[in-house]
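Report on the structure given below.
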Amino acid sequence: MIELFVSSLITFFVVIDPPGCAPIYAGLTTGASDVQRRTMAIRAVGIATAILLVFALFGQALLKALGISLDSFRIAGGIMLFLIALEMVFEKRTQRREDRAQKIIETPEVEDVSTFPMAMPMIAGPGSIASVMLLMSQVGDWAARGVVLGALATILLMTLLALLAAGPIMRLLGARIEAVITRLLGVLLAALAAQFVIDGLRASFL
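Going by my numbering, the residue at position 126 of the sequence shown is 1077; the numbering climbs one at a time, nothing skipped.
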C-alpha cells in the first residue's frame, strides 16, 4: 500500500504540478483582491476535486458512452489555454479591465478564472484525468482505490496551498516585475498549450 501511495503521489505531482500552477494563477488573477484570489483558489481546487472524483469513479464508462477520447480533451484544452496565453502576453486582459473600470467600481467583480482555466484544464486536465482513471483501473479492491484517492487529495491540498501563496509572492515583486512575469508566464502557457495540442494530434493520428 505504501508503494502504491508513493507512486500515485509522484504521478499526480508531476501531472498536476502545484508549483507550476501557482505562478500562472498569480498572472491570471492580476488586479484581484486578496479575498477574491483566496476565494477563486478554493473554488478552483474544489471544482477540480469534484471533476477528478467523477472521472476516478465513472470516467471510463462516461467517456465510452459519450464517444469522447482523452486526446480530444488535450486538443480542446490546448486551444483554450492558448487563447488565454495570448491575452496574457499582449495584455488584452489589462486593457479589458481598464475599459471596465467604472463598472468594477459599481460592481466590484474580477473575472473569475476558478472554473476555466484553473480547475480545468490546468488542475483537472487531460493528464490528471488520464492518470486518475489509469491508476483506479489498475487496482481492484476499494482499499487500494482509497490509497490512490488519498494520494490525489494530498496533491490537491498542496495545489491549494501553492495557489494561496502565489498572490502575496507576486505582490512583493512590484507592478513592473509582475507585468514582466505575467508576459513571460503567458509565453510558457502558450508553449504548454501547444504541447497539449501536439500530444493530442500525435496520439490521434499516429
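The beta carbon of each residue, even a glycine, is placed where N, CA and C say it ideally should be.
This one's a predicted model, so the numbers in the text were calculated from it and none came from an experiment.
- [ ] Check whether the Cβ atoms of Ala1070 and Ile998 lie closer than 7 Å to each other.
- [x] yes
Task: C-alpha gap between Thr1058 and Ala983, whole angstroms - done: With a pLDDT of only 48 at Thr1058, under the threshold of 50, the placement of this residue in the model should not be trusted, and no figure is reported.
Task: With 16 other Cβ atoms within 10 Å as the buried cut-off, status of Pro1119 - done: exposed
Task: Cβ contact (3+ pairs, closer than 8 Å) linking the region 1012-1032 and the region 1101-1112 - done: no
Open item on the list: Can you tell me where the alpha helix (DSSP H) holding Thr1000 begins and where it ends?
Closed with: 985-1017
TODO: Give a single yes or no on whether Pro974 has its beta carbon closer than 6 Å to a heavy atom of the ligand FMN.
DONE: Summarising the ligand content, the structure contains no ligands, and the ligand FMN is consequently not present.
TODO: Compare the Cα-Cα distances from Glu1038 to each of Leu1111, Val1138, Gly1091 and report the closest residue.
DONE: Val1138
Open item on the list: For Thr980, tell me which candidate among Leu955, Ile1080, Phe963, Ile1132 has the shortest Cα-Cα distance.
Closed with: Ile1132
Task: Closest residue to Asp1063 among Arg989, Phe1041, Ala1145 (Cα-Cα distance) - done: Arg989
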